[in-house]
Amino acid sequence: MCSPDLEKAYDRVPREELWYCMRKSGVAEKYVRVVQDMYERSRTVVRCAVGQTEEFKVEVGLHQGSALSPFLFAIVMDQLSEEVRQESPWTMMFADDLVICSESREQVEENLERWRFALERRGMKVSGSKTEYMCVNEREGSGTVRLQAEEVKKVQEFKYLGSTVQSNGECGKEVKKRVQAGWNGWRKVSGVLCERKISARIKGKVYRTVVRAAMLYGLETVSLRKRRESELEVAELKMLRFSLGVTRLDRIRNEYIRGTAHVGRLGDKVRETRLRWFGHVQRRESVRLKQLAFL
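Residue numbers 1 to 295, in full-length UniProt numbering, belong to the letters of the sequence shown in order.
Given below as structure tokens:
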């Protein structure tokens with residue numbers, strides 16, 4: 001798995017390529033001209049320690065902060081990668097987050113070079129120093145991947161769309177991140193959860209809405225083992241004890257704590273969300289990646 005890094009992706013989109021890609025994607029000419037009017041004669045200044053520079057024209061890149069820019073960038077990437085893009089799961093794209101998968105190191109290197117050529121000939125730039133690859137096959141553990149004679153950094157894990165993918169197939173890092181997200185949510189509403197005048201039922205509702213939702217985010221796609229599930233439940237019970245004002249020294253059973261706060265077992269909730277996601281996948285077209293992954 002290789003994750004090419006596009007250097008200053010939004011700032012490098014050539015304007016002429018943008019108009020060409022919009023027209024090639026079937027965008028009506030009147031809308032192309034509207035976008036051209038938005039970008040025509042655009043100017044900016046740079047704020048520095050001694051004040052602001054004089055105005056200068058901006059003739060490349062997309063507008064920063066514009067709600068339209070992500071959509072325009074997706075159009076550009078869709079057209080620029082048309083010749084080299086493969087079907088999922090061999091190529092996965094979301095905005096400028098790109099992952100290339102292959103069965104061997106040589107194929108990764110070849111596909112990476114094809115992507116670099118396809119993008120750089122149209123004005124984009126692939127950063128070799130920030131590009132990473134991960135090997136999930138012990139037989140491919142030795143050797144290197146190069147991009148224009150520059151060695152690509154090998155990692156044991158990398159993040160894609162907010163999820164941590166590990167080379168050994170484990171999910172420990174993702175579980176730790178979900179636990180941390182739960183604690184961050186708990187701290188934000190600790191004033192409510194630790195208030196003695198608020199009933200346990202209300203605390204349970206707040207907890208399920210804010211804290212548990214953060215802990216469960218994305219876990220329907222993670223293969224949890226009993227050990228990782230226990231880590232999540234231990235963290236949850238610790239939060240619930242803090243919220244109800246009890247400690248382990250009080251020797252109160254976990255079932256009683258969950259029943260008081262009206263919060264079920266987290267493992268059961270994970271399985272429920274996984275089944276719900278499975279239902280969504282089954283109702284989609286049979287060629288989608290998620291159904292292939294289930295098979």
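Note that the Cβ used here is the ideal one computed from N, Cα and C, for glycine as well.
Only a predicted model underlies this, so the values are computations on that prediction, with no experimental measurement involved.
- In this structure, Glu170 keeps its C-beta atom at 7 Å or more from the C-beta atom of Thr164.
- Cα atoms of Ser190 and Val211: separation of roughly 10 Å, rounded to the nearest angstrom.
- The C-alpha of Met215 lies about 44 Å from the C-alpha of Ala28.
- For Ser66 and Tyr160, the gap between their C-alpha atoms comes out near 23 Å.
- Spatial neighbours of Lys57 in its own chain (CB-CB distance under 6 Å, excluding positions within 5 residues in sequence) are listed in chain order as Arg43.
- Met239 and Trp183 have their alpha carbons spaced roughly 8 Å apart.
- Straight across, the Cα-Cα distance linking Val84 with Leu119 is about 10 Å.
- Residue burial annotation: Tyr133 is buried, with at least 16 other C-beta atoms found within 10 angstroms of its C-beta.
- Under a 10 Å Cβ-count criterion, Glu40 is classified as exposed, with fewer than 16 other Cβ atoms of the shown protein chains found around its own Cβ.
- Assigned with DSSP and collapsed to three states, Ile198 falls in coil, not helix or strand.
- Comparing C-alpha distances from Cys21 to each of Arg105, Arg253 and Asp78 shows the shortest one belongs to Asp78.
- Checking the DSSP bridge columns, you'll see Leu244 has no partner listed.
- In terms of Cβ geometry, Gln52 and Val45 form a close pair [threshold 7 Å].
- Sequence-distant partners of Arg116 (beyond 5 residues in either direction) whose C-beta falls short of 6 Å from its own C-beta, in its chain, are Val126.
- In this structure Pro4 is buried. Its beta-carbon is surrounded by 16 or more other beta-carbon atoms within 10 angstroms.
- Look at Ile100 here: in three-state DSSP terms it is strand.
- Going by beta carbons, Ser243 and Leu275 fall outside the 7 Å limit.
- Rounded to whole angstroms, the gap between the alpha carbons of Gly279 and Gly204 is 28 Å.
- Rounded to whole angstroms, the gap between the alpha carbons of Gln180 and Leu18 is 41 Å.
- A contact between stretches requires three or more CB pairs, one per stretch, nearer than 8 Å, and the stretch 226-241 meets this requirement with the stretch 254-262.
- Between Arg12 and Met124, the gap from beta carbon to beta carbon is short of 7 Å.
- Secondary structure note for Cys21: its alpha helix (DSSP H) is the uninterrupted segment Arg15 to Lys24.
- The beta carbon of Pro70 lies closer than 7 Å to those of Ala95 in the same chain, with the five residues before and after it left out.
- According to the DSSP secondary-structure assignment, Cys48 is paired through a beta bridge with Gly51.
- Looking at Val246, Glu103, Ser81 and His262, the one whose alpha-carbon comes closest to that of Arg121 is Ser81.
- Taking all protein chains shown into account, Glu174 has 16 or more neighbouring C-beta atoms within 10 Å of its C-beta and is therefore buried.
- Its Cα nearest to that of Gln166, the residue Val136 stands out among Val136, Tyr207 and Arg258.
- DSSP places Lys176 outside any beta strand (DSSP E); the residue lies instead in the alpha helix (DSSP H), whose first and last residues are Gly172 to Lys188.
- The criterion of a C-beta distance shorter than 7 Å is satisfied by Val145 and Val108.
- Arg283 and Arg47 have their C-alpha atoms spaced approximately 52 Å apart.
- Looking at Glu113, Ile75, Arg258 and Arg271, the one whose alpha-carbon comes closest to that of Tyr217 is Arg271.
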